[in-house]
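What follows is one structure encoded as structure tokens, with my remarks underneath.
Protein chains in written order, with my numbering: chain A, 24 to 206; chain X, 17 to 76.
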């Protein structure tokens with residue numbers, strides 16, 4: 024059974040259709056000790072089904088001696104480290120260059136690099152959006168996830184020009200954790 | 017905000033799934049935003065005020 028109603032699927036399809044860049048959702052999972060990994064996988068599978076521009080890459084973290092208090096993760100391909108992920112389920116959002124967008128000509132003479140395709144393969148030129156989700160993206164988190172996908176997919180920021188100017192002037196690392204609940 | 021600056025990373029944390037994090041940052045209501053482990057922003061603020069507070073965090 025699908026989580027999204029037919030009407031919601033249609034609305035999302037239309038929104039995703041306007042994306043100019045491909046978006047990859049990196050899904051960090053664990054086979055053991057991750058209660059909501061299954062739910063997260065289902066949500067991401069449904070999202071992926073709504074647009075050729077969305078792909079999902081699942082990165083399975085193998086637990087090394089799970090203790091209740093401390094979970095030591097053996098990192099697969101250092102991806103978890105690269106994206107700063109140490110818990111599951113986690114989603115990191117990356118995006119492509121939008122080079123496959125029709126109507127946007129690439130510089131002539133350039134060799135066509137392996138860019139995103141509908142079958143989920145992506146080039147390694149994906150950029151990190153630095154947007155992460157920790158925990159299953161259900162309820163309001165799902166709305167946030169869709170907004171983040173659209174932003175990574177090329178939609179304009181909803182922030183004011185003044186805010187964007189302030190943010191562009193930031194010259195030191197800032198880490199933000201936004202705590203939410205599904206309801 | 018993360019999308020607007022290469023120096024900003026933003027993580028949405030589902031508080032009920034990670035009670036240890038919720039405890040660590042003393043989350044008693046949502047939304048609660050913790051910036052650089054130090055600055056706490058409670059609730060939803062107007063955009064300009066939110067950014068002002070977030071950028072007021074000390075260097076890590």
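Glycine residues also receive a C-beta, built at the ideal position from the N, C-alpha and C atoms.
Predicted, not measured: the structure shown is a model, and the values here were computed from it.
{"query": "According to DSSP, residues forming a beta bridge with residue 151 (chain A)", "result": "A:117"}
{"query": "The beta strand (DSSP E) enclosing residue 58 (chain X), as first and last residue numbers", "result": "55-58"}
{"query": "CB contact below 8 angstroms: residue 50 (chain A) versus chain X", "result": "no"}
{"query": "Chain A contacts made by the region 49-61 of chain X, where a contact means CB separation under 8 angstroms", "result": "49, 50, 51, 52, 53"}
{"query": "Opening and closing residue of the alpha helix (DSSP H) in which residue 47 (chain A) lies", "result": "Looking at the DSSP string, residue 47 (chain A) is not in any alpha helix (DSSP H); the run it does join, the beta strand (DSSP E), is 46-52."}
{"query": "Chain A contact residues for residue 70 (chain X), given Cβ-Cβ distances below 8 angstroms", "result": "197, 199"}
{"query": "Listed by chain order, chain A residues near residue 38 (chain X) by CB distance under 9 angstroms", "result": "202"}
{"query": "Candidates A:189, A:66, A:199: closest to residue 20 (chain X) by CA position", "result": "A:189"}
{"query": "As assigned by DSSP and simplified to three states, the class of residue 182 (chain A)", "result": "coil"}
{"query": "Contacts around residue 67 (chain X), its chain only, beta-carbon distance under 8 angstroms, and the 5 residues preceding and following it disregarded", "result": "17"}
{"query": "Counted within 10 angstroms of its Cβ, other Cβ atoms place residue 24 (chain A) as buried (16 or more) or exposed", "result": "exposed"}
{"query": "The region 194-202 of chain A touching the region 26-42 of chain X, judged by at least three CB pairs closer than 8 angstroms", "result": "yes"}
{"query": "Given residue 120 (chain A) as reference, the closest of A:152, A:160, A:183, A:106 once Cα atoms are compared", "result": "A:152"}
{"query": "Unbroken beta strand (DSSP E) run spanning residue 33 (chain X), endpoints", "result": "Segment: none, residue 33 (chain X) is in no beta strand (DSSP E) and carries neither H nor E."}
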